[in-house]
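First residue of the sequence shown: 228, per our numbering; consecutive thereafter.
Don't be surprised by glycine CBs; every beta carbon is placed ideally from N, CA and C.
None of the values given here were measured: they were computed from a predicted structure.
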Amino acid sequence: MTSSEIRQRFLDFFAKRGHAILPSASLVPKNDPSVLFNTAGMQPLVPYLMGRPHPLGNRLASSQKCVRTGDIEDVGDSRHLTFFEMLGNWSLGDYFKEDAIKWSYEFLTSKEEGLGLDPARLYVTVFEGDENAPRDFEAVEIWKQFVPENRIYFLPAKNNWWSAGDNGPCGPDSEMFYDPSPVPLGDMTHEQYVAADDVGDIVEIWNDVFMEFEKEHGKVIGKLGSKNIDTGSGLERVSMMVQGKSNVYEADMFAPVMSLIKEHAVNYSERNARIVADHLRTALFLIADGVTPSNKDQGYILRRIIRRAVLKMRMLVLPEGTPIGNNILDHYINFYAPVYPEILKTDIRTIFKTEEDKFQKTLISGLKEFDKQFSSGVDPFMLATTYGFPIEITEELAFERGLVIDRELFNAQMKAHQDSSRAGAAAKFKGGLADTGIKTTQLHTAHHLLLAALQKILGPEVHQRGSNITEERLRIDFNFDRKLTDEEKLAVETQVNAWIQTNHKVCRKEMPLSEAKQIGAEMEFGTKYPDIVSIYMIEDDQGQAISKEFCGGPHVEQTAGLGTFKIQKEEAVAAGVRRIKAALS
Ligand code: GLY
C-alpha cells in the first residue's frame with residue numbers, strides 16, 4: 228500500500244464515520260505568533276478544542292503538514308524527520324474514549340477498511356495517574372476488548388500526557404506502538420517494554436489524546452467545557468510499517484531519493500543521505516507555504532535546513548554538473564503535487580538555488596579557514612564573525628572529525644560581540660565578560676595577567692582563543708598542544724600573584740590600530756578592529772608593559788587588592804586548545 232493510499236484510506240475511514248475532512252492548514256500558523264510552525268494536527272484546531280463551535284461540525288479529520296525542528300540532530304536515524312504529515316481525527320465534545328480507541332484499533336488492523344497491520348505486533352500504553360487525573364482504568368477496559376491485558380502498560384505523564392505547549396488544551400493519552408522486527412518480540416514485561424521503547428525496537432504509530440483538561444503556564448488548571456478527542460499518527464512511520472520496512476527512508480516517499488543519492492554519491496554515508504532526503508523535502512514544503520530564507524524566525528529555520536542539506540550534499544560528493552538536488556526536488560514535487568498543489572505554484576527551484584549559491588560562497592572560504600585552523604584549534608566565533616559560518620555548520624564539521632565545540636563559550640562570545648556592536652563602541656569589548664560588577668572586573672584584570680604569565684612561562688606563541696568571565700571565576704582558552712605540568716601551573720600562579728602584590732598600574736590608551744599592532748598588543752584572534760582602538764596596559768615601575776591587550780575594559784586601576792590568584796582546573800577543549808579556569812580569593 229502506498230503512502231497516498233494510506234492517507235486516503237484514513238480520510239475515507241473517518242469520513243464514513245461522520246467526520247468532515249479538512250484540508251491541511253499552512254505550515255505557518257495564521258494567528259498564533261507563539262509557535263513558528265504547526266507541529267501537530269491539532270494546532271490549527273486549538274480554538275475549537277477550547278470550545279468555539281466548528282462550522283463543519285464536531286467530528287473532523289485531516290492530514291496536516293507539520294514541521295518539528297526540536298529533534299533536528301536526530302534526523303538521520305531510522306525515524307526522525309523535520310517534516311511529516313500527521314493523520315488525525317477529532318471529536319469536539321462528541322464521541323469519547325470508547326469510539327476513539329475502537330476506531331484507532333480498527334483502522335490500524337482492518338484489512339478491508341484500514342491498514343491490515345498485525346495485531347500480534349501491537350502494544351498499548353495508558354496514563355498511570357497523578358494529581359491531575361486518575362489512573363486510566365477506563366481506557367484499559369476498552370482496550371481489553373482488542374489487545375491482551377499483558378500488552379497494555381501504565382506510564383507516567385512524561386509519556387502519556389499530551390499538550391501542544393504550556394498553554395491550552397491537553398489530557399492523558401493512550402499510545403499505540405508497533406513492532407517492526409523480523410522476528411516479533413512477543414509478550415514483554417513492563418521493564419522489557421520500556422527498554423524496547425528506549426532503544427527503538429518498537430515505534431509509536433498512533434496517539435489518542437483524551438483532551439478534557441486545560442493548561443496555563445505549564446500547569447493543569449482544570450477541565451475544559453467539553454470532553455474532546457485529539458488523535459495523531461505520523462504518515463511516514465505508518466507507511467514504513469505497512470510497507471514492511473525498518474526505517475522511514477525506505478518508505479515510498481523517500482526510497483527513490485535514497486537510491487538516487489546512493490547511485491551518484493562518491494562518498495556515500497547513509498546518515499548524510501537521509502539528512503539530504505529529509506531536509507530537501509522540508510525546504511520544499513516551507514517554501515511552498517511562503518517562507519523564504521532569512522535571518523529570523525521561520526526564514527532562519529529554512530535557511531539552516533537548506534544550508535545543512537547543501538553541506539551534506541557536498542560531503543556526499545555528488546558529481547558536478549549532475550543536478551541531483553534538482554532531481555530530488557522534482558521527485559518530491561511530482562510525488563506530492565496531487566495532494567498539495569501549492570508546491571507547484573511557487574518558484575521553489577529559484578529560491579533554493581539562490582540560497583544554495585549564497586551559501587556555497589560562504590562555504591568555500593569558511594571550509595578553507597576551518598581546515599587551516601584544524602590543527603591549532605578551531606575558533607567557531609571567528610568563523611562566524613569573520614566568515615559568516617553558521618555555528619551549526621562548524622559543529623557539524625567538528626563532529627565529523629571528532630572535535631567538540633564549546634557552544635557555551637561561543638554563545639558568550641557572540642553575546643559580548645553583539646553587545647559591543649550595539650553599543651557602537653569604538654573600543655572592542657573582550658569576548659565573554661558576563662557583567663561589569665566589581666568581582667567580574669577584578670577577574671578581568673587577572674585574566675590579562677594570566678595571559679601574560681602563560682606567555683612568559685609557556686612561550687610567546689601562546690595566544691587567547693576565547694574567554695568567559697563571571698563573578699565567580701575566569702576562564703581562558705588558549706592554543707597549546709599538551710597538558711600543563713604541575714610545575715608550569717605553579718609557576719603561572721606564582722607569577723600572577725607576584726604581579727598582583729607588586730601593585731602595578733592598569734591604564735587604558737587609545738591609539739591608531741597600526742600603532743597598537745606595532746607595539747605588539749595582544750589581539751583577539753580573528754576579530755576585525757576599528758581604526759582607533761582601546762588598549763589596556765599593565766605596567767611595571769619603569770613603565771615597561773607586563774601586559775598589553777586590545778580591550779574595551781572595564782578593569783581595576785591597580786593590581787593590589789585583587790587577592791590571591793588560584794588555578795582551579797586545566798583541561799583540553801579541542802585539538803591544540805587548552806582551557807584554564809581560575810579564581811581570586
Ligand atoms: N496531538 C497528538 C499528537 O501529536 O500526538
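Open item on the list: Excluding the 5 residues flanking I794 on each side, which residues of the same chain have their C-beta closer than 8 Å to its C-beta?
Closed with: K716, V719, E720, I807, K808, A809
- [ ] Examine the ligand ADP and report whether any of its heavy atoms sits within less than 7 Å of the Cβ of M480.
- [x] Absent from the structure shown: the ligand ADP. Ligands present: the ligand GLY.
TODO: Examine chain D for any beta-carbon lying closer than 8 Å to the beta-carbon of I555, and answer yes or no.
DONE: Of the protein chains in this structure there is only one, and it is not chain D.
Open item on the list: Nearest by alpha-carbon distance to A772: which of R735, D304, V605 is it?
Closed with: R735
Open item on the list: Just list the residues that DSSP pairs I703 with in beta bridges.
Closed with: S694, I807
Open item on the list: Quick check: the Cα distance between S253 and D516, rounded to an integer number of angstroms?
Closed with: 6 Å
Task: C-beta atoms of F440 and N359 nearer than 8 Å - done: Yes.
Open item on the list: Spatial neighbours of A835 within its chain, please: C-beta separation below 7 Å, excluding the five flanking residues on both sides.
Closed with: Past the boundaries of the shown model lies residue 835; the chain is included only from 228 to 812, so the question cannot be answered.
- [ ] Flag this pair as yes or no: are the beta carbons of H782 and H671 separated by less than 8 Å?
- [x] yes
Task: CA nearest to the CA of I703, picked from T729, I684, L676, N724 - done: L676
Open item on the list: In the DSSP output, what is W433 paired with across the bridge?
Closed with: DSSP lists M403 as partners of W433.
- [ ] Tell me the start and end of each unbroken alpha helix (DSSP H) in the stretch 531 to 619 that is at least 4 residues and wholly inside, in chain order.
- [x] 551 to 563, 569 to 572, 575 to 601, 607 to 614
Task: Nearest-angstrom Cα separation, counted from R279 out to K655 - done: Because the pLDDT at K655 is just 29, under 50, the model does not fix this residue reliably, and the value given afterwards should be weighed accordingly. Rounded to the nearest angstrom, the two C-alpha atoms are 55 Å apart.
- [ ] Please look up how many angstroms separate the CB atoms of T336 and S401, rounded, as I've assumed it's under 8 Å.
- [x] T336 to S401, Cβ: 16 Å. No contact.
TODO: Evaluate the contact criterion for the stretch 532 to 550 versus the stretch 614 to 630: three or more CB pairs, one atom per stretch, below 8 Å.
DONE: yes
Task: Opposing strand residues paired with S496 [DSSP bridges] - done: In the DSSP output, where bridge partners are listed per residue, S496 has none listed.
Task: Cβ-heavy atom distance, V800 to the ligand GLY, below 7 Å - done: Because no heavy atom of the ligand GLY lies under 7 Å away, the Cβ of V800 does not count as near it: no.
Open item on the list: Give me, in chain order, the residues of the same chain whose beta-carbon lies closer than 7 Å to that of H246; leave out the 5 immediate sequence neighbours on both sides.
Closed with: R286, L287, A288, N316
Open item on the list: Our contact map puts V544 next to A492 with C-beta atoms below 8 Å; I'd like the distance itself, whole angstroms only.
Closed with: Indeed they touch by this definition, with Cβ atoms about 6 Å apart.
Task: K710, DSSP secondary structure in three states - done: coil
Open item on the list: Please state the DSSP three-state secondary structure of Q470.
Closed with: In the structure shown, Q470 sits in coil (DSSP, three-state: anything other than H, G, I, E or B).
TODO: With a threshold of 16 other CB atoms inside 10 Å of the CB of F364, please say whether the residue is buried or exposed.
DONE: exposed
- [ ] Work out the CA separation of V518 and D524 for me, nearest whole Å.
- [x] 10 Å
TODO: Could you pull the start and end residues of the alpha helix (DSSP H) that S486 belongs to?
DONE: 482 to 491
TODO: Evaluate K775 with the Cβ neighbour count: other Cβ atoms within 10 Å of its Cβ, from every protein chain shown; 16 or more gives buried, anything less gives exposed.
DONE: Per the 10 Å Cβ criterion, buried.
- [ ] Tell me whether Y322 sits in a helix, a strand or coil according to DSSP, three-state version.
- [x] coil
TODO: Report whether the distance from the Cβ of T388 to the nearest heavy atom of the ligand GLY is below 7 Å.
DONE: The question names Thr, but residue 388 in the sequence shown is Trp. No - the ligand GLY has no heavy atom lying nearer than 7 Å to the Cβ of W388.
Task: Sheet register partners of R735 (DSSP bridge) - done: Y763
- [ ] Express the C-alpha separation of F323 and N494 in angstroms, rounding to a whole number.
- [x] 52 Å
Task: G790 versus L263 - alpha carbon distance - done: 50 Å
Open item on the list: Quick check on the DSSP output: the alpha helix (DSSP H) that includes E368 runs from which residue to which?
Closed with: 364 to 370
TODO: Report yes if the CB atom of A366 is closer than 8 Å to the CB atom of P411, and no otherwise.
DONE: no
TODO: Taking only the alpha-carbon atoms, compute the straight-line gap between N434 and R236 and give it to the nearest angstrom.
DONE: 18 Å
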